[in-house]
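K.L.:
Take a look at the following structure, please.
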Amino acid sequence: IKGHPCKVAEISTSKTGKHGHAKAHIVALDIFTSKKYEDLCPTSHNVEVPFVKRTEYQLLNADKDTGEVSLLLEDGGTKDDLNMPCFINQGEPTEDDQKVQKEMLEAFAAGKTTIVA
């Protein structure tokens, strides 16, 4: 919605109005920031749908000071260009971000094999 990849939370439709189009009121949450977006559009129009691919990686290293992580790829290589959930460029980390980061760091410090997605 409005250029942001979102998960739809609510949809309501109105009856055909004086201009001949039924409208859909869509309420959705940004999948990265959880910011709420709303849109009102004719029910006959198409909307873009993000394609989200979920991949799991093993955590190799996590730096709690810089937020940098190193992940093991399926081919044996490493992915080193990601940060932990609370190290974000925009907005504020959510409670879920803080919880996930805490769990990652605790598991890593305990030497447990940690899988992240």
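In this note's numbering, the protein residues as written are 70 to 186. Cβ atoms here follow ideal geometry from the backbone N, Cα and C, with glycine treated the same way.
1. For valine 138, name the three-state secondary structure that DSSP assigns.
2. Of the residues His88, His73, Ala93, Lys87, which one's Cα is nearest the Cα of glutamate 79?
3. Name the DSSP beta bridge partners of glutamate 107, please?
4. Less than 8 Å between the beta carbons of proline 119 and proline 74, yes or no?
5. Valine 77 by DSSP, collapsed to three states: which one?
6. Cβ atoms of asparagine 152 and glutamate 137: under 8 Å apart, would you say?
7. So, for glutamine 170: in the same chain, excluding its five sequence neighbours on each side, which residues have a beta-carbon less than 6 Å away from its beta-carbon?
P.N.:
Taking the definition as stated:
1. Here residue 138 refers to the residue found at position 69 when the sequence shown is read from its first residue. Strand, per DSSP.
2. The sequence position of residue 79 within the sequence shown is 10, counting from 1. Among His88, His73, Ala93, Lys87, the Cα nearest to that of glutamate 79 belongs to Ala93.
3. Mapped onto the sequence shown, residue 107 falls at position 38. DSSP output for glutamate 107 lists Val96 as bridge partner(s).
4. For the purposes of this step, residue 119 is taken as residue 50 along the sequence shown, with counting starting at 1. For the purposes of this step, residue 74 is taken as residue 5 along the sequence shown, with counting starting at 1. Yes; because the gap between Cβ atoms is below 8 Å, this pair is in contact.
5. Locating residue 77 in the sequence shown gives position 8, counting from the first residue. Three-state result, valine 77: strand.
6. Mapped onto the sequence shown, residue 137 falls at position 68. Mapped onto the sequence shown, residue 152 falls at position 83. Yes, they are a contact pair.
7. By 1-based counting over the sequence shown, the position of residue 170 is 101. In the same chain as glutamine 170, and ignoring 5 residues on each side of it, the C-beta atoms closer than 6 Å to its own belong to Met153, Pro154, Cys155, in chain order.
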